Amino acid sequence: MQQFLAVAAQATSNSSTAAPPASPLRSRPPRREQPSIVVKEATMADEHQELTKAFSGLGGLGVEETALVSALGRWRKQPEKRSQFRQGFPGFFTPSAAGGGGTIERCSDEYVKHLKTEFSRFKNLMVLWAMHPWERDARWAHRALHKKHHPAAVLVELACTRTADELLGARRAYHALYHRSLEEDVAYRLRDKEGHLLVGLVAAYRYEGPRVSEDLAKEEATALAAAGAKPQSELVVRVLATRSKPQLRATFRMYEKISGKPLEEEFGGEAPCMREAVRCLDSPAKYFADLIVEAFKEGADKQAKAALTRVVVSRSDADMEEIKEAYLKQHGTKLVDTVAKNTHGHYRDALLAMIGK
Amino acid sequence: MATLTVPAGVPPVAEDCEQLRKAFTGWGTNEKLIIDILAHRDAAQRRAIRAAYAETYGEELLRALNDEIHGKFERAVIQWTLDPAERDAVLANEEAKKWHAGGRALVEIACTRTPAQLWAAKQAYHDRFKRSLEEDVAAHVTGEFRKLLVPLISAYRYDGPEVNTSLAHSEAKILQDKIHDKAYGDEEIIRILTTRSKAQLLATFNSYNDQFSHPINKDLKEDPKDEYLATLRAIIRCFTCPDRYFEKIIRLAIGSVGTDENSLTRIITTRAEVDLKLIKEAYQKRNSVPLEKAVSKDTTRDYEDMLLALLGAEY
């Protein structure tokens, strides 16, 4: 980024890769032509790389809007520059024969789809930010139920990390938006083995006070351990869907004491929602930090990446500080640093603004 | 339609408090005065009286009532004086803690209150009992009743008029299939009854009647002693014909042998500000006797006076 802005401005560049440094030991000034041609080519390659990165071709989320606009300006009336760029970005442009003997580098359809997603990350974030949190949650829930490839885990997240009144508000917003209740849609669409758990979680109106009964925690932890904590167990669903969060945390601690391992490990691949529920109820900050890690992983799918926007927008006012702490603890780096490194443009700036220092 | 009668010129709250205080002090208790005041004030007025009484005399009105009056009369007055949401919370708690298969309070609260009222009751439950209603029901009710009642009271149903008619047809068919197989505890039956909106359920029951030429309740009468089936029927009636449902409960409460005062008190105090008038009409129609007369025949003294006052009797 630095180098071609410097070249464009024709100002003295202090970037290391810009031009071969004029050595103070040279007796005569460097010959004009050669170095300048070398300078042009070196910076062309860099320009291409920067522009590719700006188009999110080199990874990272979002697009570098300022770089894109500046390239527009610089390459005005220079179609050959754009042509060279397309040739230098083979991942997304493929040469294809055009009538009349010439070739054009055509956009691959994948690329167009990719661009659409990356350009709209900022838009999505802003629209979500402006919405009432209840409407936001209701829309996410509806999407999770009605669109393909949307994991039910989003429902678990909404049901378990929101406060009782926030969840009720989301259910109200769902009525207003979709003329049905959230629980009836969940019950109807998820009539498989984890449907019971999801209906229970989504319909919960938990007591929000701090009162915890250690005796009750012990009793329920023992019952869970004795029942084998099977995913289909009615007992597990009942406990997870009705007890207050502080009470549940006490029960989870007691369970680990009694059986030697954390409750979430009892639920394997065949009960992902139950496992997510335990994790969300036990430590939402850690859960959200893990979601963010998944979003930045190599090969993350569309939903995993979208989770980044969802987590930041929905938790910015709530427990973002705890999430930052959990992230630092688990990954040794600060969340702001990871985000700054792996996102671009307005999207990056928006995320950083919502994450805070 | 309510039966509660409030005088045209309601005395100021301070005066009501003073009069109530007078009713408590000295030898004995002036039960008539208590009834004359409290049984003729609506929920907002009663709330104001309670607040003013506590402020003026440093004691909760309900506490004073608890000390001064007793038995069925006390229960009726206290239940009546509570806010509707608190009342529902207290009734729900009582039934959950001492659950028995014939219990109807939870069903009534879940099915005859609006979603907003049910939510208010749950909030009141949090405040009063420091636990959620769902967790207490889940912990104390057992077996197939739990599978039915926990989702029933957890629901926050859509409140509006929109109905999906083809869904109503298909779900009526599902219900019929399960009932035909005698799978009364099937998940689909529970799902439909405990999540669909009232409007959608009414459409579904109508469709059932259209498709199979008789109402759904007729198919749920296989074993008259089966309490689970009776509960299912009660749920359906609470949605389709609440006044006739309540009429039946009252009729059975006043019935031949003894009197089920708890149910009688519950219905009268919870419906006096809602639809007790319709219930009276249903009673008259079914039994050819005014409800006041039947109640009067079966109850005595202050308890009788309280109930009659709530039923709209002259005073």
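Just so you know, the sequences run in chain order R and Z.
First residue of the first sequence? That's -1 in the working numbering, and the numbers climb one at a time after it.
First residue of the second sequence? That's -2 in the working numbering, and the numbers climb one at a time after it.
We treat Cβ as the ideally placed atom computed from N, Cα and C, and that holds for glycine.
All values reported here derive from a predicted model rather than from experimental measurement.
Beta-carbon neighbours of residue i, restricted to chain R and to distances below 8 Å
| i | result |
| --- | --- |
| S194 of chain Z | R178, S179 and E182 |
| K127 of chain Z | Y205, G207 and R209 |
| K119 of chain Z | Y203 |
Neighbourhood of residue i by C-beta, 8 Å cutoff - its chain only, sequence neighbours within 5 removed
| i | result |
| --- | --- |
| T262 of chain Z | K69, R72, A73, Q76 and L304 |
| A298 of chain R | E292 |
| N63 of chain Z | E71 and I75 |
| Q47 of chain R | L56 |
| K223 of chain R | This sequence places Ala at residue 223 of chain R; Lys is not what is there. The answer, listed in chain order, is Y253, I256 and S257. |
Cβ-based neighbour list, residue i, same chain, cut-off 6 Å, excluding 5 preceding and 5 following
| i | result |
| --- | --- |
| R125 of chain Z | A86 |
| E31 of chain R | Confidence at E31 of chain R is low in this model, with a pLDDT of 49, below 50, so its placement is unreliable and the value that follows should be read with caution. The answer is none, since no qualifying residue turns up. |
| R241 of chain Z | A279 |
Opposing strand residues paired with residue i [DSSP bridges]
| i | result |
| --- | --- |
| T341 of chain R | R:L59 |
| F420 of chain R | Residue 420 of chain R is absent from the structure shown; chain R starts at -1 and stops at 355. |
Contact list for residue i against chain R, beta-carbon separation under 7 Å
| i | result |
| --- | --- |
| E141 of chain Z | In chain order: nothing, as chain R lies at least about 11 Å away. |
| E159 of chain Z | H177 |
| I135 of chain Z | The amino acid occupying residue 135 of chain Z in the given sequence is Ala; Ile does not appear at that position. Near A135 of chain Z (Cβ distances below 7 Å), the residues of chain R are R236 and T240. |
| D156 of chain Z | H173 |
| H166 of chain Z | Going along chain R, no residue has its Cβ under 7 Å from H166 of chain Z, so there is no contact; the nearest lies around 15 Å. |
| H37 of chain Z | The premise fails here: H37 of chain Z is roughly 34 Å from chain R at the closest Cβ pair, so nothing lies under 7 Å. |
Spatially closest choice to residue i from the options, by CA coordinates
| i | options | result |
| --- | --- | --- |
| G140 of chain Z | Z:D220, Z:I276, Z:P158 and Z:G182 | Z:G182 |
| A51 of chain Z | Z:G6, Z:A98 and Z:C14 | Z:C14 |
| V309 of chain R | R:L326, R:G330 and R:Y285 | R:Y285 |
| F83 of chain R | R:G71, R:V61, R:S68 and R:E45 | R:E45 |
| E224 of chain Z | Z:G99, Z:I32 and Z:D207 | Z:G99 |
| A61 of chain Z | Z:A102, Z:W96, Z:A11 and Z:L17 | Z:L17 |
| Q(-1) of chain Z | Z:A36, Z:A11 and Z:F21 | Note that residue -1 of chain Z is Ala in the sequence shown, not Gln. Among Z:A36, Z:A11 and Z:F21, the Cα nearest to that of A(-1) of chain Z belongs to Z:A36. |
| K339 of chain R | R:F294, R:S94 and R:H112 | R:F294 |
| V138 of chain Z | Z:K195, Z:I186, Z:A89 and Z:K19 | Z:A89 |
| K97 of chain Z | Z:A227, Z:D295, Z:Y122 and Z:N284 | First, the amino acid is wrong: residue 97 of chain Z is His here, not Lys. Residue Z:A227 is the option with its Cα nearest to H97 of chain Z. |
| A136 of chain Z | R:H342, R:E181, R:R236 and R:V184 | R:R236 |
| V10 of chain Z | Z:I31, Z:T22, Z:A48 and Z:P239 | Z:A48 |
| A107 of chain Z | Z:L190, Z:R128 and Z:N214 | Z:L190 |
| A196 of chain Z | Z:D220, Z:G157, Z:K290 and Z:Q173 | Z:G157 |
| L156 of chain R | R:R170, R:E78 and R:L199 | R:L199 |
| A202 of chain R | Z:R128, Z:I31 and Z:L288 | Z:R128 |
| T162 of chain Z | Z:D207, Z:N284, Z:K215 and Z:I213 | Z:D207 |
| L188 of chain R | R:I353, R:R241, R:C271 and R:K111 | R:C271 |
| G169 of chain Z | Z:K175, Z:T201, Z:K179 and Z:F142 | As written in the sequence, residue 169 of chain Z is Ala, which differs from the Gly given in the question. Comparing Cα-Cα distances from A169 of chain Z to each of Z:K175, Z:T201, Z:K179 and Z:F142, the minimum goes to Z:T201. |
| C278 of chain R | R:G266, R:V152 and R:G207 | R:V152 |
| E91 of chain Z | Z:T296, Z:S151, Z:A180 and Z:Y122 | Z:Y122 |
| P88 of chain R | R:A95, R:K75 and R:Y109 | R:Y109 |
| K290 of chain Z | Z:A310, Z:E65 and Z:L273 | Z:A310 |
| E219 of chain Z | Z:N203, Z:P239, Z:I176 and Z:R101 | Z:I176 |
| L198 of chain Z | Z:Q120, Z:W116, Z:A165 and Z:K294 | Z:A165 |
| A45 of chain Z | Z:I32, Z:A306 and Z:P8 | Z:P8 |
Residues that residue i contacts on chain Z, provided the C-beta gap is smaller than 8 Å
| i | result |
| --- | --- |
| S231 of chain R | Per Cβ cutoff of 8 Å: no residues; S231 of chain R is ~13 Å from chain Z at best. |
| S242 of chain R | R128, S129 and E132 |
| L166 of chain R | W116 and Y153 |
| A171 of chain R | Under the 8 Å cutoff, chain Z gives no residues; its nearest Cβ is about 12 Å from A171 of chain R. |
Interface residues of chain Z facing residue i [CB-CB closer than 7 Å]
| i | result |
| --- | --- |
| R247 of chain R | Ordered by position in chain Z, no residue passes the 7 Å Cβ test against R247 of chain R, which lies about 15 Å from the chain. |
| A185 of chain R | R188 and T192 |
Contacting residues, own chain, Cβ-Cβ under 7 Å from residue i (five flanking each side not counted)
| i | result |
| --- | --- |
| Y345 of chain R | L59, G60, R119, F120 and L123 |
| D39 of chain Z | L1, V3 and E270 |
| L79 of chain Z | V87 |
| H173 of chain R | S179 |
| D299 of chain Z | E28 and F70 |
| V210 of chain R | P244, Q245 and A248 |
| C235 of chain Z | V104, E105, C108, T109 and Y242 |
| E212 of chain R | A248 |
| Y155 of chain Z | S194 |
Closer than 9 Å at the beta carbon, the chain Z residues around residue i
| i | result |
| --- | --- |
| V197 of chain R | P148, S151, R188, T191 and T192 |
Contact list for residue i against chain R, beta-carbon separation under 9 Å
| i | result |
| --- | --- |
| H67 of chain Z | Per Cβ cutoff of 9 Å: no residues; H67 of chain Z is ~32 Å from chain R at best. |
Of all the residues that make up the stretch 202 to 220 of chain R, which are near chain Z by a beta-carbon distance shorter than 8 Å? Of all residues in the stretch 202 to 220 of chain R, A202, Y203, R204, Y205, E206, G207 and R209 have a Cβ within less than 8 Å of some Cβ in chain Z.
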